[in-house]
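Student:
Residue numbers (this note's numbering): 2 to 274.
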């Protein structure tokens with residue numbers, strides 16, 4: 002982009018941001034168990050437990066149903082079906098939080114969940130970390146240039162280390178990509194759409210690099226977001242998925258987790274559409 006186009010895109014970004022109205026978080030439970038259809042002691046012992054930790058994608062902004070946030074609930078249902086095991090799910094979310102705030106506000110809640118599962122004879126098997134968009138906002142829209150992509154990667158690494166310290170070394174950490182370029186709020190505005198795609202790619206690359214640079218024994222992996230999300234899969238704000246969009250995303254995350262659990266090690270880079 003030329004300097005002139007960048008200036009125009011910057012003005013467009015400020016306009017879009019000031020006109021943006023955030024829908025509420027999802028209604029309903031934030032924890033549950035997706036049944037495999039089996040019963041008995043074996044099913045209890047083989048249960049898997051997944052914690053989703055993140056921003057508004059975890060709190061379910063944009064969901065219409067009253068059954069809780071769709072992404073973690075639907076992912077658990079799909080994993081249960083494919084592994085033939087009950088899957089416990091928990092959504093630990095903070096709408097508007099960047100990685101630093103997720104670390105500060107949600108690590109205590111994760112520790113509480115770890116203790117709860119332990120008291121039930123269970124453990125947390127996977128933590129899915131949804132983040133990135135608010136870190137970009139912190140850097141540009143909130144005029145905090147020190148929150149650049151390199152800083153995001155360091156803070157994300159610290160968050161991953163804290164998750165492992167709380168949940169245990171056996172716990173896998175999955176970091177999904179966020180396909181911001183598909184969001185209708187940006188996609189129909191040029192040159193803003195091109196700038197958003199380029200800038201978001203810088204933050205997304207940090208997730209991929211972090212997963213690639215850690216040893217396989219760390220059980221940390223990156224999975225790209227769905228490529229088949231279309232305009233009709235977003236809610237009225239043009240930024241967050243609707244129930245169908247979240248379900249498509251849940252399928253991508255569930256497929257990645259199932260492959261990792263079956264192989265006993267993370268799929269280090271996964272592209273699923």
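Using N, Cα and C, we set each Cβ at its ideal position, and we do this for glycine too.
Quantities reported herein were computed from a predicted structural model and do not represent experimental measurements.
Beta-carbon separation of residue 98 and residue 69 under 7 Å?
Tutor: Here residue 98 corresponds to residue number 97 of the chain shown, with the count starting at 1. Here residue 69 corresponds to residue number 68 of the chain shown, with the count starting at 1. Not in contact: residue 98 and residue 69 (Cβ atoms no closer than 7 Å).
Student: If contacts are defined as beta-carbon pairs under 8 Å, then residue 123 and residue 74 qualify, I think. What distance do you get, rounded to the angstrom?
Tutor: Reading the chain shown from its first residue, position 122 is the one you call residue 123. Reading the chain shown from its first residue, position 73 is the one you call residue 74. Actually they do not touch by this definition, with Cβ atoms about 18 Å apart.
Student: Look at the alpha carbon of residue 107 and the alpha carbon of residue 85, and state the distance between them as a whole number of angstroms.
Tutor: Your numbering for residue 107 matches position 106 in the chain shown. Your numbering for residue 85 matches position 84 in the chain shown. Whole-angstrom Cα-Cα distance: 30 Å.
Student: Pick from 233, 232, 178 and 261: whose alpha carbon is nearest that of residue 220?
Tutor: Mapped onto the chain shown, residue 220 falls at position 219. It is 261.
Student: Exposed or buried, which one is residue 156 when buried takes at least 16 other CB atoms within 10 Å?
Tutor: Indexing the chain shown from 1 puts residue 156 at position 155. So residue 156 ends up on the buried side.
Student: CA-CA distance, residue 154 and residue 255?
Tutor: Position 153 of the chain shown, counted from the first residue, corresponds to residue 154. Position 254 of the chain shown, counted from the first residue, corresponds to residue 255. For residue 154 and residue 255, the distance between alpha carbons rounds to 24 Å.
Student: Looking only at C-alpha atoms, which of 25, 89, 31 and 226 sits nearest to residue 37?
Tutor: Position 36 of the chain shown, counting from 1, holds the residue named residue 37. Cα-wise, what sits closest to residue 37 is 89.
Student: Nearest-angstrom Cα distance between residue 72 and residue 226?
Tutor: The residue you call residue 72 lines up with position 71 of the chain shown. The residue you call residue 226 lines up with position 225 of the chain shown. Straight-line Cα distance between these residues: approximately 12 Å.
Student: Along the chain, where does the beta strand (DSSP E) that runs through residue 150 open and close?
Tutor: Here residue 150 refers to the residue found at position 149 when the chain shown is read from its first residue. Counting along the chain, residue 150 falls outside any beta strand (DSSP E), though it belongs to the alpha helix (DSSP H) covering 150 to 168.
Student: Leaving out five residues on either side along the sequence, give the residues of the same chain with a beta carbon under 6 Å from the beta carbon of residue 66.
Tutor: The sequence position of residue 66 within the chain shown is 65, counting from 1. Counting only Cβ-Cβ distances below 6 Å, and skipping sequence neighbours, we find 244.
Student: Starting from residue 261, trace the alpha helix (DSSP H) both ways and give me its first and last residue.
Tutor: As a position in the chain shown, residue 261 is number 260, starting the count at 1. That run of the alpha helix (DSSP H) goes 244 to 264.
Student: Do residue 63 and residue 24 have their C-beta atoms closer together than 7 Å?
Tutor: Residue mapping note: residue 63 aligns to position 62 of the chain shown, counting from 1. Residue mapping note: residue 24 aligns to position 23 of the chain shown, counting from 1. Against a cut-off of 7 Å, the Cβ pair of residue 24 and residue 63 comes out as a contact.
Student: I'd like the list of long-range same chain contacts for residue 45, defined as Cβ closer than 7 Å, with 5 residues on each side in sequence excluded.
Tutor: Mapped onto the chain shown, residue 45 falls at position 44. Residue placement at residue 45 is flagged as unreliable, the pLDDT there being 49, under the threshold of 50; a coordinate-derived value is accordingly withheld.
Student: Taking the continuous alpha helix (DSSP H) assigned at residue 98, which residues delimit it?
Tutor: As a position in the chain shown, residue 98 is number 97, starting the count at 1. No alpha helix (DSSP H) holds residue 98; DSSP gives it neither H nor E.
Student: Please list the terminal residues of the continuous beta strand (DSSP E) segment that includes residue 35.
Tutor: Translated into the one-based positions of the chain shown, residue 35 becomes position 34. Here the beta strand (DSSP E) through residue 35 covers 32 to 35.
Student: Taking residue 27 as part of the beta strand (DSSP E), name the residues at either end of that continuous run.
Tutor: Locating residue 27 in the chain shown gives position 26, where the first residue counts as 1. First-last for residue 27: undefined, no H or E at that position.
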